[in-house]
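Residue 836 is where the sequence shown starts when you use the working numbering, and the numbers rise one by one after that.
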Amino acid sequence: MLDNGIPVRIPPTPRPPGLGVHRRYAAYYAMSASIMLLAGAIWLSTRLRPNTAWHDIALFAHLASLVLGFGAVLVADYLFALWALGRVPFAEAVHSASRLHLLVWGGLTGLVASGALLSPDLGSAATIVKLCLVGVLAVNGVHATVLGHRMALVDDPVPVRLLVRGGLTTAVSQLCWWGAVVIGFLNATR
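#1: Kindly indicate which residue of Gly-1002, Ala-1015 and Asn-975 has the alpha-carbon position closest to the one of Tyr-863.
#2: Alpha carbon to alpha carbon, what distance is there between Ala-916 and Thr-1005?
#3: The alpha helix (DSSP H) that contains Leu-977, what's its start and end?
#4: Can you find the residues in the same chain that come closer than 6 Å, C-beta to C-beta, to Ser-931, ignoring five residues on each side of it along the sequence?
#5: Does the segment 936-945 come close enough to the segment 897-909 to have 3 or more Cβ pairs within less than 8 Å?
#6: Looking at Ala-973 and Ile-870, is the spacing between their C-beta atoms short of 8 Å?
#7: Considering Asn-886, what are the terminal residues of the alpha helix (DSSP H) in which it resides?
#8: Which residue from Trp-889, Ala-861 and Phe-925 puts its Cα closest to that of Asp-990?
#9: What do you reckon, are the CB atoms on Ser-949 and Ala-893 nearer than 8 Å?
Take a look at the structure:
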């Protein structure tokens, strides 16, 4: 408003042409890169034969990465549960969850890298399912990052469509993490 009380609309700052297109493709590039890195780790696992000491180190790194990545995911989901219960504002939940992305990606990267040294049985259907879950998890993680940026721009009330996308993204994430954990546990105890 001006000093005389007349409301004035200030137009948004124009974006350079094509910037949105590059951002859209950036997510596809990130999804493709995550799948290629997973494929590279799978290929590498067929070439490496670590000795017992390296296997034990990789197993410890695998478990530590699980705690880091999955723990951060559970905290992020808890923050949104607090919002759903009316304990924190939506903006606070989104902002706090966005700080966890580095931990989630660090954990997932550590899981893939250390998993390459654990000599996975690529002839096992359970292992193939686990690797597919990790691939879906990586693609879903890129989607969650993009969705988080969109959620950060939203004020109350939060659009239902955005909430549905967030809920589906969370459900896919939980299904993939828990599925991979259960399969990993079953493979380790055989």
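Every residue gets a Cβ at the ideal spot worked out from N, C-alpha and C, and that includes glycine.
With the structure as the only source:
#1: The shortest C-alpha separation from Tyr-863 is found at Asn-975.
#2: Distance between the alpha carbons of Thr-1005 and Ala-916: 11 Å.
#3: Checking the sequence, you will find Val at residue 977 rather than Leu. Following the DSSP letters along the chain, one finds Val-977 inside the alpha helix (DSSP H) bounded by residues 960-987.
#4: Correct list, in chain order: Leu-914.
#5: Output reads yes: the segment 897-909 touches the segment 936-945.
#6: Against a cut-off of 8 Å, the Cβ pair of Ala-973 and Ile-870 comes out as a contact.
#7: According to the DSSP assignment, Asn-886 belongs to no alpha helix (DSSP H), since it is labelled neither H nor E.
#8: The shortest C-alpha separation from Asp-990 is found at Phe-925.
#9: The criterion of a C-beta distance shorter than 8 Å is satisfied by Ser-949 and Ala-893.
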